[in-house]
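Asks:
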Amino acid sequence: MAAYKESLPFYHREAWKRVRALALMRDQGMCVECMRRMEAGYGIRPKRATMVHHKVPVKERPDLALDLDNLESLCWEHHEQRHPERRERKRDGGDAGPAFKMRVIKV
Ligand SMILES: [Zn+2]
Ligand SMILES: [Zn+2]
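All residue numbers for the sequence shown refer to our numbering, where the first residue is 10 and numbers rise by one.
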């Protein structure tokens with residue numbers, strides 16, 4: 010992977026904006042994790058997606074960075090859950106709805 014010298018932040022590129030928009034369109038602008046839980050009968054109200062997440066991190070697979078199959082639209086909260094490594098202790102910052110309690114459920 011060291012061969013990748015593309016150090017320009019990936020997110021700044023036009024291509025990303027395009028594929029991000031496509032991912033949101035595919036997911037109807039809704040958080041796929043919320044939808045999954047709703048369909049599983051958790052009785053939650055799905056939220057709109059505000060983030061597009063890479064299932065396989067770009068760091069690991071830069072070649073999948075623009076692959077729609079590697080993207081999922083997520084609400085802020087579910088996106089945070091995808092990045093436990095980034096979670097510090099700003100838990101009461103922002104709108105933590107009831108679904109926040111379901112954090113223990115691993116998907
Ligand atoms: Zn969600
Ligand atoms: Zn992410």
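Note that the Cβ used here is the ideal one computed from N, Cα and C, for glycine as well.
With hydrogens ignored, establish whether the beta-carbon of Glu-94 is closer than 7 Å to any heavy atom of ligand 1.
Replies: Checking every heavy atom of ligand 1 against the Cβ of Glu-94, none is found closer than 7 Å.
Asks: Nearest-angstrom Cα distance between Pro-93 and His-63?
Replies: For Pro-93 and His-63, the distance between alpha carbons rounds to 14 Å.
Asks: Leaving out five residues before and five after Ala-32 in sequence, what residues of the same chain have Cβ atoms less than 8 Å from its Cβ?
Replies: Val-61, Leu-77, Leu-80, Glu-81 and Ser-82, listed in sequence order.
Asks: Please classify Arg-35 as buried or exposed, where buried requires at least 16 neighbouring CB atoms within 10 angstroms.
Replies: Result: exposed.
Asks: In the DSSP assignment, what are the bridge partners of Arg-57?
Replies: Per DSSP, Met-39.
Asks: What are the start and end residues of the beta strand (DSSP E) that includes Glu-81?
Replies: Per DSSP, Glu-81 belongs to the beta strand (DSSP E) from 80-83.
Asks: What is the DSSP secondary structure of His-63, counted as helix, strand or coil?
Replies: Three-state DSSP puts His-63 in a strand.
Asks: Note down the Cα distance separating Tyr-191 from Ala-24, rounded to an integer number of angstroms.
Replies: A question about residue 191 goes unanswered here, because the residues of the chain that appear run from 10 up to 116.
Asks: Among all residues, which have a Cβ less than 6 Å from at least one non-hydrogen atom of ligand 1, and in what chain order do they fall?
Replies: Qualifying residues, in the order they occur: Cys-40, Glu-42, Cys-43, Lys-56, Leu-83, Cys-84, Glu-86 and His-87.
Asks: For Leu-75, does the three-state DSSP call read helix, strand or coil?
Replies: Of the three classes helix, strand and coil, the one that applies to Leu-75 here is coil, per DSSP.
Asks: Tell me whether Arg-91, by its Cβ, gets closer than 7 Å to a heavy atom of ligand 2.
Replies: Yes, since a heavy atom of ligand 2 falls inside the 7 Å radius drawn around the Cβ of Arg-91.
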